[in-house]
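Residue numbers (UniProt numbering): 1 to 323.
Backbone N, C-alpha and C fix where the C-beta goes; we use that ideal spot for every residue, glycine too.
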Amino acid sequence: MSDLQPFENRSADHLRLVLDSGQIGIWELELKSGQAVRNGTHDQIFGYDQPLASWSYGQFLDHVVDADRARVDDLQKTAVEESREWSFECQIHTIRGDIRWIRAAERPLKDAEERIVKLIGHVIDITDTKESEARLHLITGELNHRVRNMLAMIKSMVRMSARGATDISQFADSLEGRVGALARTHQLLIAESPASMMPSAILEAELSAFRGYEAQFDIAVSGEAALSASASQGLSLIFHELVTNAVKYGALSVESGRVEVRIARSDGAVEVCWKECGGPPVRTDRTEGFGSVLIARALAADGTSELDFAPGGVECHIVLDVD
């Protein structure tokens, strides 16, 4: 003879395992008395460390947030009147004051005369699922926004770079460098770390594309803050233009040249001051090129940037809104 019990005799153990591992609260509501019996998980979902002595439909409604209470009550009454199963999702506040999401379902039970005498049902906490859905929605919207911004920037860069280029090679080089700056900033943005979106981190990422000039920089940070995605992209383009111009014509074109960068926090903003010295004299008869236009417009509504071709070296004053 086998010592194993018939499967039917072990079904209760299997049910308890499913309920416990799935964190499913079950309940049975007697319509006449309005009282409900339930398992321990049910009360835990509503924030109770120990099972309550009694539970009623009214207690359940008290836990439902104000915005959902009338809707949930109407659904329950309609389901009883129409003698059908029903399910719903809503927010509750636990006894500790936390706001949680639940999903519940119920089924009516009838007596021999086809009258509904009880309701049985289950409830589960779906807060983690709801928060994941919200994060996914936010990330999708942010991704769409970033892609639109980046495509708009690239379109503008192609148009303006082509206008200022004298040959295909020059056009390709300038466009490749600017798109590379966007790509480097994008890598910082997808890290989703506030530290990666600091002005100093954006500058370091841009300088990584210009190896060999690190010793000519004097960077001082007395305060900063994480920037928005659009401000980060705009600042990256500005840094790219400043470094590129310094390498070609300014302080970084000679070994004796220096670039001072000062980053400081002020009320509601971060200020970045770029100052070159020790390089070739700045031309006074220069014409405005795309780089100057890009620097002036890159931040759009996220701040301002002013470029000054001072005789001793190019200076740029950047104000980034971080409110």
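Spanning the alpha carbons of Asp267 and Glu306 requires a straight line of approximately 19 Å. The three-state reading of DSSP puts Gln35 in strand, counting E and B together. In terms of Cβ geometry, Ile295 and Glu241 form a close pair [threshold 7 Å]. By the Cβ-count criterion, Arg84 is exposed, with fewer than 16 other Cβ atoms from all chains shown falling within 10 Å of its own Cβ. Taking C-beta atoms as the reference points, Gly121 and Trp55 fail to come closer than 7 Å. For His42, the CB contacts under 8 Å within the same chain, skipping 5 residues up- and downstream, are Gly25, Ile26, Trp27, Trp55, Val123 in chain order. Each residue's CA atom was taken as its position, placing Lys248 and Ala225 some 31 Å apart. Restricting attention to Leu237, Ala215, Gly223, the CA atom closest to the CA of Ala205 is found in Leu237. Considering only Gly58, Gly40, Ala220, the residue with the shortest C-alpha distance to Leu52 is Gly40. Val270 is a Cβ neighbour of Val322, given a cutoff of 7 Å. The beta-carbon distance between Ala264 and Gly223, rounded to whole angstroms, is 5 Å. This is short enough to meet the 8 Å contact definition.
Per DSSP, the beta bridge partners of Ala310 are Gly313. Counting C-beta atoms within 10 angstroms of its own C-beta, Gly34 has fewer than 16 neighbours from the protein chains shown and is therefore classed as exposed. Between Thr127 and the set Ala104, Arg262, Lys110, Trp86, the nearest pair of CA atoms involves Ala104. Counting only runs of at least 3 residues, the UniProt domain "PAC" (86 to 138) fully encloses the following beta strand (DSSP E) elements, listed from N- to C-terminal order: 86 to 93, 99 to 110, 116 to 125. For Gly303, the closest alpha carbon among the candidates Leu320, Ser292, Phe309, Cys316 is that of Leu320. Of the candidates Phe46, Glu82, Arg69, Phe46 places its Cα closest to the Cα of Asp125. Here Val72 carries a helix assignment [DSSP, helix/strand/coil]. Going by beta carbons, Val72 and Ile92 fall outside the 7 Å limit.
Secondary structure note for Val259: its beta strand (DSSP E) is the uninterrupted segment 258 to 266.
A distance below 7 Å separates the beta carbons of Lys130 and Trp101. Boundaries of the alpha helix (DSSP H) around Ala229: 229 to 248. For Phe60, the uninterrupted alpha helix (DSSP H) run begins and ends at 57 to 63, by DSSP. Of the candidates Thr94, Pro311, Phe239, Arg107, Pro311 places its Cα closest to the Cα of Gly278.
Sorting Asp49, Ile95, Gly250, Ala201 by C-alpha distance to the C-alpha of Val272 places Ala201 at the top. When DSSP reads this structure, Asp323 sits in no beta bridge, so it has no partner. Within its own chain, the residues whose Cβ lies closer than 6 Å to the Cβ of Phe239, once the five positions on either side in sequence are excluded, are Leu203, Glu206, listed in chain order.
For Gly25, the uninterrupted beta strand (DSSP E) run begins and ends at 24 to 30, by DSSP. The secondary-structure analysis by DSSP pairs Ile219 across a beta bridge with Val261.
Counting along the chain, Glu271 sits inside the beta strand (DSSP E) bounded by residues 269 to 277. In the displayed model, Gly180 falls within a helix according to three-state DSSP. Apart from the 5 residues on each side of it in sequence, Arg262 sits with its Cβ closer than 6 Å to the Cβ of Ala220, Cys273 in its chain, given in chain order.
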